Each structure stands twice: as C-alpha cells, then as structure tokens.
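Notes follow the structure.
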Amino acid sequence: MTEERFPGWHGTTILAVRRGGRVVVAGDGQVSLGQTVIKGTARKVRRLSPGGRDVVAGFAGSTADAFTLLERLEKKLESMPGQMARACVELAKDWRLDKYLRNLEAMLIVTDGRDLFVITGAGDVLEPENDVAAIGSGGNYALAAARGLMATDLDAEDIARRAMAIAADICVYTNGNLTVETIEG
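Letter 170 of the sequence shown, counting from 1, is numbered 170 in UniProt numbering, and no numbers are missing.
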C-alpha cells in the first residue's frame, strides 16, 4: 500500500516454513489504521483447491487486491493442473503487464506443499532460500526468528508459531491471533 492512497494503514505478517515434507503458512490477524487496531481477527491465510489440488496462500496488502489476485491465481491453477510454478509465473506476468492489475497493492506467499513462492506486483516469483519466506509489516521479524529457529529440532509448525510470536512481540502491527494452514509435500 502506498502512503498517499492509504495513509497510516498497516497490517499483516505472513510466514511460511518448509520442513520435514510439510509447509506451514501462518498469518496474524491484525489490521491497523494509524495507532488504532481496526480488526484483530482478519484471516489472511487461505486454502485454495483448484482442480482438487490443495494450495495454501497468504497475502499482505490491500484485502480487495489480494482477493482479486487469489481468484486469478485459482483460475491459472485450474487451467494448468499440477503446474503451480507455471501458474505463478503467468499470474506475475499478468500482474505486471495488465493496466488494471498493475495497480494492485498486495503480495502473496503460495505453496502446494512441494513448491513455495513469494509473488509480487513487480513481476517477481521468488523461491525463498533456507525454506522460509515472510511478507508484510512484521515479515522481516518473523523471517529472522524463523531462520534462527531452523537450527533447532522443532517441526515446521512449532517454528512458524514461535517465529510469529516473536514478530508479534516486536512489531506493533502484528498480533498473536494466528491462522495456520499446513500442507504436505
């Protein structure tokens, strides 16, 4: 979100952790306007089932924009069954080249349990290093915490939950009300 169009809007920490054949995507529930929490129970992690194949997506940014992108991603996945990487690249191309989509202000983390991508409006489809990805206001805090926790014997869900708790303790735009989705690889 740009400060000019949405002054003071902050929210969202989304974290994905891949370990032991599973990917866990966790998102907090806080949306803030300036110094006021507007909502503490927003659900920013969703399970999609295009063509019967489960995909988990988390979003940061404008909710309406993110839902538009999720709908388009679901259509891409339906038209390209079993080809999540290709569907994500096609979405990113559309997002960057289409006049309407180009103005959407959101980011996505998407996984089918095997592949894990961060998709941006700049046309990026990034596969994260170290099996950890994060976006949003508290994304860097959650990313740093999760990377540190990857050196432990914790499973993916424990790492995600602990890293999100650390982010919520540091970032005033992140709360501890989590939505957590797990998908097998």
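Glycine residues also receive a C-beta, built at the ideal position from the N, C-alpha and C atoms. Quick caveat, the model's predicted, so the values are computed rather than measured.
{"Item": "By alpha-carbon positions, which one of Thr13, Asp153, Leu101 ends up nearest to Glu71?", "Value": "Leu101"}
{"Item": "What are the uninterrupted segments assigned as beta strand (DSSP E) that are 3 or more residues long and contained completely in the segment 76-140, given in chain order?", "Value": "106-111, 116-119, 132-136"}
{"Item": "Among Arg161, Lys93, Glu184, which residue has its Cα nearest to the Cα of Asn175?", "Value": "Arg161"}
{"Item": "I need the boundaries of the alpha helix (DSSP H) containing Ala156, first residue and last residue.", "Value": "156-170"}
{"Item": "Do you know whose CA, among Arg114, Lys99, Leu97, Glu127, lies nearest residue 210's CA?", "Value": "Nothing about residue 210 can be reported from this structure: the residues present for the chain run from 1 to 185 only."}
{"Item": "Assign Thr12 to one of three DSSP states: helix, strand, or coil.", "Value": "coil"}
{"Item": "Comparing alpha-carbon positions, which option in Gly185, Thr179, Val172 lies nearest Gly34?", "Value": "Val172"}
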